[in-house]
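Taken in order, the sequence shown gives residues 68 to 314; the numbers are from my numbering. I have placed the structure first, in the form of structure tokens, so that the comments after it can refer back to it.
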Amino acid sequence: MENDKTLRLGLLVDAENMHPNYMRKVLPHIFKLGRPIVQFAFGDFSIPAAKPWVEFLRTNVIEARQVTPSESGKNAADIALVVEAMRLALTGKCDALCVVSSDRDFVALTTFLKSEGFAVYGFGKSTTHKKYRQSCAKFFEVNLDEEGAIAVPEVQDTPLKHANAGSLPVRQLNWPRILQAIAQLADSDGWAPLQPLGLELGRQGISVKAAGKANWAKVFSTVDDLELRQDEQNLRSVRIRPTAKAA
């Protein structure tokens, strides 16, 4: 019976916000909470600043999710993490999520899942915003002792800052609500027609104009984890891109 009570956890790490040295502080808490059955780190691991993460992932079971910004200055890693979080929550694959990030951009995600009765445990630095802390089922503050202190060369700051003013509108959309609407309108293959989706999002007060794009198709085309199609009647649909199944 003990195993029946063990929480199935999804561990999602914002590798562009947290240095891998923090993981040795995070993981003991994770294993006290339950059993991680999904472990992903999201980021652009092709850049020099990501070298510490590349080395860490070589010797750990956490799987790298390479997210290359699709347009200059756009932080696609945040959205990729949100999409995966919603996928895990909607499919019931996990009982709870553990999000490792100090980024307050995830407040919308944690607040939405909390309102749906789905627990998200947050892990971040002492500088993490109060609103994000409060939106988590429980927030664990992780700090480094002298042994794990990080010496960050000055040149590493710039590559990590993908977000700029031009990309903020897309990043700041209420992605949990958008993904929930896609799931609700989707057919058996996961496709949601764009026209009714746009109407539903408008009903919820989510406007495409807020993203600085002409239509939802242009918004969704910037997100690697979303897939668009157009049928013979020129009707467009979107779905959360299915996770590739292992052979």
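The beta carbon of each residue, even a glycine, is placed where N, CA and C say it ideally should be.
Element boundaries [beta strand (DSSP E), containing residue 106]: As a first step, residue 106 is located in the sequence shown; it is residue number 39 there, counting from the start. Residues 101-110.
Does residue 246 come out as helix, strand or coil in the three-state DSSP assignment? Position 179 of the sequence shown, counted from the first residue, corresponds to residue 246. Helix at residue 246.
Identify whether residue 281 lies in helix, strand or coil by the three-state DSSP scheme. Locating residue 281 in the sequence shown gives position 214, counting from the first residue. Coil at residue 281, not helix or strand.
Take residue 194 and list the residues in its own chain whose beta-carbon comes closer than 7 Å to its own, dropping the five residues that flank it on each side. Looking up residue 194 in the sequence shown gives position 127. Same-chain partners within the cutoff: 169.
Give the range of the beta strand (DSSP E) segment to which residue 262 is assigned. Within the sequence shown, residue 262 is the residue found at index 195, counting from 1. First-last for residue 262: 261-270, but that is the alpha helix (DSSP H), not the beta strand (DSSP E).
Under three-state DSSP, which class holds residue 122? Working through the sequence shown from its first residue, we reach residue 122 at position 55. In this structure, residue 122 counts as helix in the three-state DSSP scheme.
Local Cβ density within 10 Å of residue 163, reported as buried at 16 or more and exposed below that: Residue numbering aside, residue 163 sits at position 96 when the sequence shown is read from its first letter. With 16 or more other Cβ atoms within 10 Å, it is buried.
Going straight from the alpha carbon of residue 268 to that of residue 245, what length do you get? Residue mapping note: residue 268 aligns to position 201 of the sequence shown, counting from 1. Residue mapping note: residue 245 aligns to position 178 of the sequence shown, counting from 1. Straight-line Cα distance between these residues: approximately 7 Å.
Looking at C-beta atoms only, is the number of pairs between the region 90-102 and the region 115-122 that lie closer than 8 Å three or more? no
Buried or exposed: which applies to residue 304, given that a residue is buried once 16 or more other Cβ atoms fall within 10 Å of its Cβ? Counted from its first residue, the sequence shown places residue 304 at position 237. Buried, by the Cβ-count rule.
What is the rounded straight-line gap between the Cα of residue 182 and the Cα of residue 241? Stepping through the sequence shown from its first residue, residue 182 is reached at position 115. Stepping through the sequence shown from its first residue, residue 241 is reached at position 174. Distance between the alpha carbons of residue 182 and residue 241 is about 14 Å.
Judging by CA-CA distance, which residue of 153, 161, 191 is the nearest neighbour of residue 175? In the sequence shown, residue 175 corresponds to position 108, counting from 1. The shortest C-alpha separation from residue 175 is found at 153.
Quick one: what's got a C-beta closer than 8 Å to residue 102's C-beta in the same chain, skipping five residues either side? Residue mapping note: residue 102 aligns to position 35 of the sequence shown, counting from 1. These residues qualify, in order along the chain: 73, 74, 75, 76.
For residue 149, name the three-state secondary structure that DSSP assigns. Mapped onto the sequence shown, residue 149 falls at position 82. Of the three classes helix, strand and coil, the one that applies to residue 149 here is helix, per DSSP.
My output table needs one value for residue 172: the three-state DSSP class, helix, strand or coil. On the sequence shown, position 105 is the one that residue 172 refers to. It is helical.
Top-ranked residue by Cα proximity to residue 80, from 270, 144, 207: If you number the sequence shown from 1, residue 80 lands on position 13. Taking only the C-alpha atoms, the option nearest residue 80 is 144.
Taking a contact to mean a Cβ-Cβ separation below 8 Å, would you say residue 104 touches residue 161 in this structure? Locating residue 104 in the sequence shown gives position 37, where the first residue counts as 1. Locating residue 161 in the sequence shown gives position 94, where the first residue counts as 1. Cβ distance < 8 Å, so residue 104 and residue 161 count as in contact.
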